[in-house]
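Asks:
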Amino acid sequence: MVDWRLFDPLFEYARKRSMWIVSFCTGCGGIEMPPLATSRYDFERFGVMPNPSPRMADLFLITGYVTPKTLKRIIITYEMQPDPKYVLAHGSCPLNGGIYWDGYNAIKHLDKYIPVDVAIAGCMPRPEAVMDGIQKMMELIETGEADGWKRYKENYEWYRKNQDELFGEGWREKTARRWIPWLMDKKKEVKEE
Amino acid sequence: MVSQQELIREARENGMELLPLEKDTYELFFGPQHMATENYSLILKMDGHRVVKAIANVGFLHRGFEKLAEYRPWHTNIALLLRICVPEPDVPEAIYSMAVDEIMGWEVPDRAQWIRTTVLEMARVSAYLFWIMGLSFKLGVYTAGQWAAAYRERLMALFEQLTGGRVYHIYTIPGGVRRDIPGDRWLRELKDTVEYIKAKLKDFDNLLFENYIAHRRLEGIGVMDKKFALAEGVTGPNLRATGVAYDVRRADPYLLYPELDFEVPVLKEGDALARAMIRRFELEQDLYILEQLLEMGPPSGPYKVQDPRLKNLPRLKVPAGDAFAHVEATKGDFGAYVVSDGKNKPYRVQIRGPSISHGVRVIEQLLVGARLADVPVILMSLDNCPPDIDR
Amino acid sequence: MMETALKALFILLYATFVGFMFMGIIRIVTARIHRRVGPPIYQPILDTIKLLSKKSNITHGVIYDFGVLYALGATILAIMFIPLGNIGVLRAYGDLILITFLLEIPMLGIMFAAMSSGNPYAGIGAQRALLTMLAIQVPLGFAIVALAEFYGTFSTYEIVMAQQVSGWSIAHLPLLLAAIAYDLVLQAMFGKEPFDIMIAPGEISLGPMVEFGGKHMGILQIQHAIALFAETLFFSNIFLGGAVVTTFASPVLNTIASLAILLVKQIAVLLVATFMGAIFPRFTIDQAAKFYWKWPTIIAALGAILASL
Amino acid sequence: MAEEVKATWPKGEEIVSALLEKAPYAEGSVRRERRLEFKVPADRIVDFLRTAKASGFELLLQITAVDWPNEGEIELVYQLFSISHGTHAMAKTRVPRDDARISSVMDIYPVAETYERDAHEFYKVVFEGNPKLEMPWILEDEDREAGVSHRKDFDMLGYVKKKYKILDRFDEDKENYVI
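As you go down the protein sequences, you meet chains A, B, C and D in turn. Numbered according to our numbering, the first sequence terminates at residue 193, and the numbering increases by one at each position without gaps. Numbered according to our numbering, the second sequence terminates at residue 391, and the numbering increases by one at each position without gaps. Numbered according to our numbering, the third sequence terminates at residue 309, and the numbering increases by one at each position without gaps. Numbered according to our numbering, the fourth sequence terminates at residue 179, and the numbering increases by one at each position without gaps.
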């Protein structure tokens with residue numbers, strides 16, 4: 001058998017230089033994604049590229065505030081990504097709620113629900129700040145400190161507990177079922193188990 | 001490694017039902033993790049590649065602005081409410097300030113009116129460029145989109161010089177604007193930018209608006225007629241594409257618009273192509289308005305109301321009363337209804353985003369019978385902006 | 001035997017490497033059209049290494065794993081049949097129809113895998129891919145008939161040799177028409193606009209590839225690189241005269257020279273496809289099928305008729 | 001104040017008197033140029049809006065609910081716009097707070113369905129005849145069950161504290177906090 005650990009430096013380099021972003025703009029920060037991808041900033045120089053499918057993406061950019069409704073989708077999307085995966089929280093709102101610190105529908109501390117590797121402060125962070133965050137993420141990947149996906153596996157119980165506290169038990173099934181009665185032509189009741 | 005079969009078996013054992021599907025149709029969850037929808041989800045019932053039924057699932061961006069606004073002082077609300085409309089954040093600032101001006105009984109000085117008009121028009125141009133980017137990405141002609149986003153950067157730089165912020169400007173305040181124009185150099189740069197974008201419109205025509213394939217993709221889909229559009233509360237370019245010449249800048253003039261010369265383009269077809277063309281003509285008109293404003297030059301005088309109450313904004317108290325103000329945004333009629341009970345915080349603020357009618361009922365009806373490939377195009381041709389709906 | 005195996009290995013390595021460079025070139029050229037700097041040319045290699053190094057969280061069964069390998073295998077088989085300058089492993093058996101068939105069946109493998117993943121987007125993408133395949137058959141068939149009629153043979157190698165005598169295929173009117181039709185078909189084979197219907201990121205999130213992650217996608221990237229190489233090589237061979245260099249005394253020098261000539265021709269084919277992709281929006285699937293059954297079919301059929309006269 | 005610039009628009013007076021002739025149960029006034037105001041009793045709102053639509057108010061821009069707990073009433077403001085007259089008009093009506101019911105205006109302005117869903121979600125106003133009131137709208141089920149609303153008696157800060165278990169910048173001693 002080949003000892004794949006020998007190739008680790010090569011893999012780390014490739015991971016560092018080829019980060020694919022899940023195209024899930026979760027808040028107002030989505031407006032700064034097009035400038036980042038176009039000629040003034042152009043993050044494709046560093047191999048960063050938006051990708052429509054979470055299955056082949058590495059980097060999850062949380063662009064802005066997160067509402068509980070979006071957080072459910074974020075968690076599902078995050079769990080769909082293959083390891084190793086990284087999360088970059090963008091803006092003040094995922095850090096502590098930002099301007100919505102007293103709002104009833106904005107998550108205050110995102111890292112209670114999914115692990116965050118790098119956070120960028122500011123509202124709205126300038127594209128330069130996001131580039132800086134991506135550079136920082138590259139450094140962390142190189143030194144092996146971007147281990148959010150490992151933390152998520154190790155402390156899964158804790159994260160799961162926080163998520164269930166916020167959304168209530170069995171939220172995944174409830175969310176998947178929520179729209180079925182309205183999609184049927186005749187309004188059918190969905191059985192509760 | 002868990003195989004799919006095992007997962008299904010496990011789900012059955014745990015008493016979970018699999019999604020009950022009707023015969024020959026399947027469900028498609030279109031968004032929010034999707035390149036075409038951005039924080040907005042459509043639940044589609046599909047038959048092959050035709051949509052049978054569509055339901056808009058909104059609320060991914062709900063932050064409860066209208067409740068939060070009741071907890072914040074009058075001036076702080078500007079920094080809050082502008083986050084409702086991300087592509088053109090000057091619009092919520094302007095309507096909120098106009099409504100507060102009306103309750104306060106303030107006559108905004110000429111210079112402030114000029115600056116407000118210019119900022120609104122710049123926001124319109126940048127929002128239209130952003131929309132061109134969105135449409136071209138959905139149609140697959142990425143070149144036009146990349147160029148549009150690059151031209152928008154020039155306006156962003158100008159906004160930055162004027163207000164200090166790239167995206168969120170927090171510039172229009174009750175009683176005027178927050179600070180004066182930085183100088184003549186800024187005006188010259190704005191003039192250059194307007195000329196530059198005007199010269200580049202030809203590129204967009206070639207790539208997008210006069211392109212054969214783009215026409216084939218856009219024409220005949222998502223057709224609305226006049227009666228339907230009026231009954232559904234459609235406003236803005238979407239309404240004008242059905243033959244109704246309703247533009248708030250003409251129907252309910254505000255700021256400097258009565259003095260400006262511009263046309264309201266109207267088309268009759270009411271399909272996605274007509275909506276796209278209307279927006280393209282309006283982009284030209286907006287550049288023309290900016291040219292006129294620059295020719296007029298900013299009038300001299302103060303840039304905000306000379307009122308002692310403005311000196312201490314956190315202690316600003318607005319007399320009891322209510323007012324409705326609306327402006328023409330690129331998406332449609334953007335309105336604010338502000339109620340005050342004489343305290344230092346608003347009693348009630350309601351923002352009326354145009355997408356609340358476009359993005360829910362209109363899209364649900366237009367999508368029935370559409371092909372899956374047309375779903376993002378129809379969505380983009382309506383210029384649906386989810387935060388308007390969610391607030 | 002040993003020599004053949006070495007040749008096959010060389011072709012495989014060369015095709016993979018040059019294919020990755022082609023992918024890099026496409027990305028850089030597209031970026032320059034967008035007025036950006038673009039990624040480094042070796043970016044696709046880094047992407048593939050990264051994808052191969054990822055862990056797989058879930059599988060969707062045997063067919064899901066097999067389909068990807070099937071696609072890669074078919075592409076590798078196709079590259080062996082196409083004459084690469086002086087080198088060729090199976091080029092004597094390089095039948096036009098066989099190669100065309102082998103260049104298309106990777107799509108079937110991807111479809112097997114996509115269908116077994118159960119994702120509706122993958123299902124829609126696979127349907128679209130099937131219909132695209134069906135649509136391109138007609139002009140493709142006529143183009144190949146035109147070639148076979150003109151040269152009186154189905155063998156790719158013989159066509160290349162005949163072009164050394166009679167000049168490039170596109171110098172003759174019937175074959176020029178066939179080449180135009182084939183080039184339009186090539187646009188769909190590369191998956192570039194206006195015929196990137198089956199992947200359509202803004203509509204169906206990459207279609208068949210939506211469920212692939214990690215190693216599956218890595219293998220598909222390698223497959224894509226080899227397929228890019230094979231398709232451009234096939235086009236250069238049958239329409240742009242291929243490359244048979246015999247001027248030098250040393251066979252090694254001859255090989256290098258012919259590879260270089262081929263490379264230039266391949267890049268030309270690639271650039272035409274990239275430029276077309278950069279300026280056109282995407283068709284819908286029914287429009288694309290109608291288009292293929294109309295203009296390219298007429299052009300190619302005209303070519304075939306002219307060739308048989 | 002709004003009253004200072006009142007009644008300087010003769011065309012508005014004409015529109016108001018023409019409309020009030022057909023709907024004598026309502027009160028109407030001109031606030032300023034292009035701003036009209038009507039006060040309608042809650043049980044006649046459907047009739048009034050039907051009359052208004054027939055006399056040129058084509059667009060319903062929004063239904064705003066305003067909570068007045070001291071008076072025990074919820075005010076519903078129907079924001080109308082007339083393209084043919086070029087004027088905005090508010091039709092204000094009041095329903096009791098405890099039993100907020102009013103009939104839906106969906107058959108006059110179909111778009112009202114969306115606005116009514118919004119007002120139902122945040123102000124618990126029941127619009128009789130709207131089939132989609134129970135359909136999920138903006139709030140999630142757990143928030144709906146917990147009683148989130150925009151009424152004045154909803155204790156937002158307490159709810160935030162309970163839900164997220166954290167409210168770092170909040171000082172309970174302060175009456176007014178400024179961020």
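Think of the CB as a built atom: it goes at the ideal place given N, C-alpha and C, for glycine as much as any other residue.
Compute the beta-carbon to beta-carbon distance between residue 99(C) and residue 82(C), rounded to the nearest angstrom, for a pair I have assumed lies under 8 Å.
Replies: Translated into the one-based positions of the third sequence, residue 99(C) becomes position 99. Translated into the one-based positions of the third sequence, residue 82(C) becomes position 82. Going by Cβ atoms, the distance from residue 99(C) to residue 82(C) rounds to 6 Å, so yes, they are a contact pair.
Asks: Could you tell me how far apart the beta carbons of residue 219(C) and residue 18(C) are, in whole angstroms, since I believe they sit closer than 8 Å?
Replies: Taking the first residue of the third sequence as 1, we reach residue 219(C) at position 219. Taking the first residue of the third sequence as 1, we reach residue 18(C) at position 18. Not really, about 18 Å apart at Cβ, beyond 8 Å.
Asks: Considering residue 90(D), what are the terminal residues of the alpha helix (DSSP H) in which it resides?
Replies: Position 90 of the fourth sequence holds residue 90(D). Unbroken run through residue 90(D) is the beta strand (DSSP E), 87 to 96; no alpha helix (DSSP H).
Asks: What residues in its chain sit with their C-beta under 8 Å from that of residue 129(B), if we drop five residues either side in the sequence?
Replies: Sequence index remark: in the second sequence, residue 129(B) carries index 129 (1-based). Closer than 8 Å at the Cβ level, and outside the excluded window around residue 129(B), lie 148, 149, 151, 152, 155, 197, 283.
Asks: What separation, rounded to the nearest whole angstrom, lies between the Cα atoms of residue 170(A) and residue 18(D)?
Replies: The count along the first sequence starts at 1 and reaches residue 170(A) at position 170. The count along the fourth sequence starts at 1 and reaches residue 18(D) at position 18. Using only the alpha carbons, I get a separation of about 59 Å.
Asks: Beta strand (DSSP E) containing residue 120(D): first to last residue?
Replies: Here the question's residue 120(D) lines up with position 120 in the fourth sequence. Careful: residue 120(D) lies outside any beta strand (DSSP E), inside the alpha helix (DSSP H) at 112 to 123.
Asks: The beta strand (DSSP E) spanning residue 216(C) covers which residue range?
Replies: Indexing the third sequence from 1 puts residue 216(C) at position 216. No beta strand (DSSP E) holds residue 216(C); the alpha helix (DSSP H) holding it covers 215 to 239.
Asks: List in chain order: all unbroken alpha helix (DSSP H) runs of 4+ residues lying wholly within the region 28 to 74 of chain B.
Replies: Entirely contained in the region 28 to 74 of chain B, the alpha helix (DSSP H) runs reaching 4 residues are, in chain order, 65 to 68.
Asks: Taking the DSSP output, what are the residues bridged to residue 167(B)?
Replies: Walking along the second sequence from the start, residue 167(B) turns up at place 167. Its beta-bridge partners do not exist; DSSP assigns none.
Asks: Identify, in the order they occur along the chain, each residue of the same chain with its Cβ nearer than 6 Å to the Cβ of residue 187(A), setting aside the five sequence neighbours on each side.
Replies: Looking up residue 187(A) in the first sequence gives position 187. Low confidence applies to residue 187(A): its pLDDT is 46, below 50, so where it sits in the model is not reliable, and the reading given next is rough at best. Answer for residue 187(A): 181, listed in chain order.
Asks: In chain C, which residues lie with their C-beta within 7 Å of the C-beta of residue 131(B)?
Replies: Taking the second sequence and counting its residues from 1, one reaches residue 131(B) at position 131. Simply none; closest approach about 15 Å.
Asks: How would you label residue 21(B), buried or exposed, when you count the other beta carbons within 10 angstroms and need 16 or more for buried?
Replies: Indexing the second sequence from 1 puts residue 21(B) at position 21. Bear in mind that the predicted position of residue 21(B) carries a pLDDT of just 47, short of 50, making it too unreliable to give a figure here.
Asks: With DSSP as the reference, label residue 372(B) as helix, strand or coil.
Replies: Within the second sequence, the letter at position 372 stands for residue 372(B). Looking at residue 372(B) - three-state DSSP - the assignment turns out to be coil, as it is neither helix nor strand.
Asks: Are the region 278 to 295 of chain B and the region 193 to 209 of chain B touching by the rule of at least three beta carbon pairs closer than 8 Å?
Replies: Counting Cβ pairs under 8 Å, three or more are found: they touch.
Asks: Any idea which residues DSSP pairs residue 68(D) with across the strands?
Replies: Numbered from its first residue, the fourth sequence carries residue 68(D) at position 68. DSSP output for residue 68(D) lists 73(D) as bridge partner(s).
Asks: Helix, strand or coil, according to DSSP, for residue 22(B) in the structure here?
Replies: In the second sequence, residue 22(B) corresponds to position 22, counting from 1. Because the pLDDT at residue 22(B) is just 49, under 50, the model does not fix this residue reliably, and the value given afterwards should be weighed accordingly. Note: residue 22(B) maps to coil in three-state DSSP.
Asks: Can you check DSSP and say which residues form a bridge with residue 260(C)?
Replies: Residue mapping note: residue 260(C) aligns to position 260 of the third sequence, counting from 1. None; residue 260(C) has no bridge partner.
Asks: Residues of chain B with CB closer than 9 Å to the CB of residue 182(A), please, in chain order.
Replies: Position 182 of the first sequence, counted from the start, is the residue given in the question as residue 182(A). Going along chain B in sequence order, the residues near residue 182(A) (Cβ under 9 Å) are 43, 55.
Asks: So for residue 280(B), helix, strand or coil by DSSP?
Replies: Counting from one through the second sequence, the residue named residue 280(B) turns up at place 280. If DSSP states are grouped into helix, strand and coil, residue 280(B) belongs with the helices.
Asks: Kindly list the residues whose CB is nearer than 7 Å to the CB of residue 43(C), restricted to its own chain and excluding five residues on each side of it in sequence; keep chain order.
Replies: Start at 1 with the first residue of the third sequence, and residue 43(C) comes out as number 43. Only 24, 27 meet the Cβ criterion.
Asks: DSSP three-state call for residue 244(B): helix, strand or coil?
Replies: Translated into the one-based positions of the second sequence, residue 244(B) becomes position 244. Residue state, collapsed to three classes: coil.
Asks: So, residue 30(D) versus residue 9(D), is the Cβ gap smaller than 8 Å?
Replies: Residue numbering aside, residue 30(D) sits at position 30 when the fourth sequence is read from its first letter. Residue numbering aside, residue 9(D) sits at position 9 when the fourth sequence is read from its first letter. Contact: yes.
Asks: In angstroms with no decimal places, state the Cα-to-Cα distance between residue 179(A) and residue 379(B).
Replies: For the purposes of this step, residue 179(A) is taken as the residue at position 179 of the first sequence. For the purposes of this step, residue 379(B) is taken as the residue at position 379 of the second sequence. Roughly 21 Å separates the two Cα atoms.
Asks: Between the region 161 to 181 of chain B and chain A, which residues of the former have CB atoms less than 7 Å from a CB of the latter, in chain order?
Replies: Of all residues in the region 161 to 181 of chain B, 166, 167, 168 have a Cβ within less than 7 Å of some Cβ in chain A.
Asks: Output needed for residue 77(B): all residues of its chain with C-beta closer than 8 Å, excluding positions within five of it in sequence on either side, in chain order.
Replies: Taking the second sequence and counting its residues from 1, one reaches residue 77(B) at position 77. 69, 96, 346, 349.
Asks: Strictly by DSSP, which residues pair up with residue 347(B)?
Replies: In the second sequence, residue 347(B) corresponds to position 347, counting from 1. In DSSP, residue 347(B) forms no bridge with anything.
Asks: May I ask you to report which of helix, strand or coil DSSP gives residue 49(A)?
Replies: What you label residue 49(A) is simply residue 49 of the first sequence in a count that begins at 1. DSSP places residue 49(A) in strand when its eight states are reduced to three.
Asks: Does residue 141(B) have its Cβ less than 8 Å from a Cβ in chain C?
Replies: Looking up residue 141(B) in the second sequence gives position 141. True, the Cβ-Cβ gap to chain C drops below 8 Å.
Asks: Kindly indicate which residue of 2(C), 22(C), 51(C) has the alpha-carbon position closest to the one of residue 15(A).
Replies: The residue given as residue 15(A) occupies position 15 in the first sequence. For residue 15(A), the nearest C-alpha among the options comes from 51(C).
Asks: So who's on the other strand from residue 358(B), going by DSSP bridges?
Replies: The sequence position of residue 358(B) within the second sequence is 358, counting from 1. DSSP lists no partner for residue 358(B).
Asks: Quick one: residues in its chain with C-beta nearer than 7 Å to the C-beta of residue 152(D), no 5 flanking neighbours on either side, listed in chain order?
Replies: For the purposes of this step, residue 152(D) is taken as the residue at position 152 of the fourth sequence. Excluding positions up to five away in sequence, the list reads 67, 69.
Asks: Please return the same chain residues whose Cβ sits closer than 7 Å to the Cβ of residue 273(C), not counting the five positions on each side in sequence.
Replies: Within the third sequence, residue 273(C) is the residue found at index 273, counting from 1. Same-chain partners within the cutoff: 186, 187, 190, 192.
Asks: Going along chain D, which residues have a C-beta under 8 Å from residue 174(A)?
Replies: Within the first sequence, residue 174(A) is the residue found at index 174, counting from 1. What residue 174(A) touches in chain D: 141.
Asks: Just list the alpha helix (DSSP H) runs in the region 87 to 130 of chain C, keeping only unbroken ones of 4 residues or longer that don't cross its boundaries, in chain order.
Replies: Whole alpha helix (DSSP H) segments, 4+ residues: 96 to 117.
Asks: Between residue 245(B) and residue 223(B), is the Cβ-Cβ spacing less than 8 Å?
Replies: For the purposes of this step, residue 245(B) is taken as residue 245 along the second sequence, with counting starting at 1. For the purposes of this step, residue 223(B) is taken as residue 223 along the second sequence, with counting starting at 1. No, they are not a contact pair.
Asks: Answer with buried or exposed for residue 2(C), where buried requires no fewer than 16 other C-beta atoms within 10 angstroms of its C-beta.
Replies: Counting from one through the third sequence, the residue named residue 2(C) turns up at place 2. Residue 2(C) is exposed by the Cβ-count criterion.
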